[in-house]
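Residue numbers (my numbering): 3 to 400. Just so it is clear, CB atoms sit at the ideal spot from N, CA and C, and this is done for glycine as well. Everything on this sheet refers to the single structure shown next.
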Ligand code: CTP
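See below:
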């Protein structure tokens, strides 16, 4: 991707080197456009060596190439880090008295601004108004991090970490087509206890559900992830509810269903549970050579949710999954259509798990069928497939 990195004249300018390095290592082409004052803090030689591009601040060199608009027109993404209070004022006023100002006025690319300054300057009404103006124009302005500043002072004003800035910038390229939507996603595999040590489980890793949770959040959704035995998640971008068995999973789904615009049932739910769970570890000596576990059916959580959605006239879009040992693509598609009908959901995603394929892998191959009659097949990383499932969700919501 063609990325422009604008660097303005603050002490944090040296941190631009980490951003350049991370972007070039990820294979992006980075054109650095520093202001004159940025070059008081960091040399053009350093910026050129790291970015592998000539670095220039001058509006009046190479005029024949119409550089003052070309850089902005060619950019696919622009990041300004660090952004000083003075830069924010110039950008909010639409000033184009240097190469960076011209680049910003000539671009249609998304722009992320990462300010860094002393707390007083960040909180000054002039800066507050400039930030509000830029945000109202669709420019993404990060709030600075809090911590030790250049002098003895501490407070909000530090440049956020390079990976945070880069993640926020790439988020701007993702369509916000799930903004304001609440999505409940189940992931992982339930475990039904036999005794305090043993359980009946399955091979689901939770990777597909997790990928959907992260992709939905990137597209603007408010996500609740109900994870069955997939570990703990803190500091993630979704609310996380940890469950073990089908009964807990059903309770969590029921709690969150009425507020949800979308329910994605990616969890592999055990169809049966042990009727009488032993409260002590079963000893082989006690049992002998045979054990008969009396299993009873668990409720079908997805079907129950579909029934409730219809009874309460909710408009929740439902996505079911199926793990099938289909063998051929045609059979997978047929099984997917049948399960779509039996489950009564809006979208059904079927995986072919013949010979244990897909479980725990980072890639998958699915057939996706919808109640409105469309059917498609996708193959790729679970992140890629997550976005295709969400494309179908967006269509269903519309
Ligand atoms: N599911 C559910 N509650 C269950 C079992 C499954 O909500 N007790 C959901 C899963 O989360 C998934 C879909 O139903 O979205 C797939 O179920 P699957 O196990 O393939 O279907 P079954 O109804 O068990 O059918 P079969 O085993 O006959 O293929």
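When DSSP states are grouped into helix, strand and coil, residue 294 belongs to the coil group. Residue 33 is bridged by DSSP to 6.
Taking the Cα positions, residue 96 is about 21 Å away from residue 119. Within 10 angstroms of the beta-carbon of residue 207 lie 16 or more other beta-carbons, which makes it buried. C-alpha of residue 144 to C-alpha of residue 114: approximately 7 Å in a straight line.
Contiguous alpha helix (DSSP H) elements confined to the segment 146 to 218 occur at 164 to 173, taking only those with 4 or more residues. The shortest C-alpha to C-alpha distance from residue 317 to any of 62, 247, 347 is the one to 347.
One thing to note: residue 232 has its Cβ no nearer than 8 Å to the Cβ of residue 21. Looking at the DSSP output, residue 267 sits in a beta bridge with 188, 322.
Judged by their CB atoms, residue 321 and residue 399 are not nearer to each other than the 8 Å cut-off.
Annotation: residue 353 to residue 82 spans about 43 Å, alpha carbon to alpha carbon. Going by DSSP, residue 89 is part of the alpha helix (DSSP H) stretching over 87 to 95.
Short note on residue 324: C-beta closer than 7 Å to some heavy atom of the ligand CTP.
In this model, residue 261 and residue 184 are separated by some 7 Å (Cα to Cα).
Annotated three-state conformation of residue 307 is helix, per DSSP. Judged by beta-carbon spacing, residue 325 lies beyond the 8 Å limit of residue 337, meaning their Cβ atoms are not closer than that value. Minimum Cα-Cα distance from residue 80 among the listed residues 376, 111, 396 corresponds to 111.
A distance below 7 Å between beta-carbons, with the five flanking residues on each side excluded, links residue 14 to the following residues of its chain, in chain order: 84, 118, 161. Contact between the segment 237 to 249 and the segment 147 to 159 is absent: fewer than three C-beta pairs spanning the two stretches fall below 8 Å. If one requires a minimum length of 3 residues, the beta strand (DSSP E) runs lying completely within the segment 96 to 133 are 113 to 117, in chain order. Note on residue 175: under 16 other CB atoms within 10 angstroms of its CB, so exposed under the neighbour-count rule. A direct Cα-to-Cα measurement between residue 297 and residue 249 gives close to 14 Å. DSSP places residue 232 outside both helix and strand once states are collapsed to three, so it counts as coil. The Cβ atoms of residue 217 and residue 385 sit closer than 8 Å to each other. Remark: C-beta atoms of residue 19 and residue 59 do not approach each other more closely than 8 Å.
Following the DSSP letters along the chain, one finds residue 275 in no alpha helix (DSSP H) but inside the beta strand (DSSP E) bounded by residues 274 to 276. Counted as a single uninterrupted DSSP element, the stretch harbouring residue 238 is not any alpha helix (DSSP H), since DSSP gives it neither H nor E.
Listed in chain order, the alpha helix (DSSP H) runs fully inside the segment 343 to 400 are 384 to 399, counting runs of at least 4 residues.
Per DSSP, the beta-bridge partners of residue 227 are 187, 242.
Relative to the non-hydrogen atoms of the ligand CTP, the Cβ of residue 214 never comes closer than 7 Å to any of them. Just so you know, the alpha carbons of residue 287 and residue 197 end up roughly 15 Å apart. Of the candidates 135, 106, 186, the residue whose Cα lies closest to the Cα of residue 254 is 186. Around the Cβ of residue 211, a 10 Å sphere holds 16 or more other Cβ atoms; the residue is buried.
In terms of side-chain proximity, the C-beta atom of residue 345 is found nearer than 7 Å to a non-hydrogen atom of the ligand CTP. Residues of the same chain with a CB within less than 8 Å of the CB of residue 293, apart from the 5 flanking positions on each side, are 284 in chain order. Straight-line measurement puts the Cα of residue 136 at about 20 Å from the Cα of residue 5.
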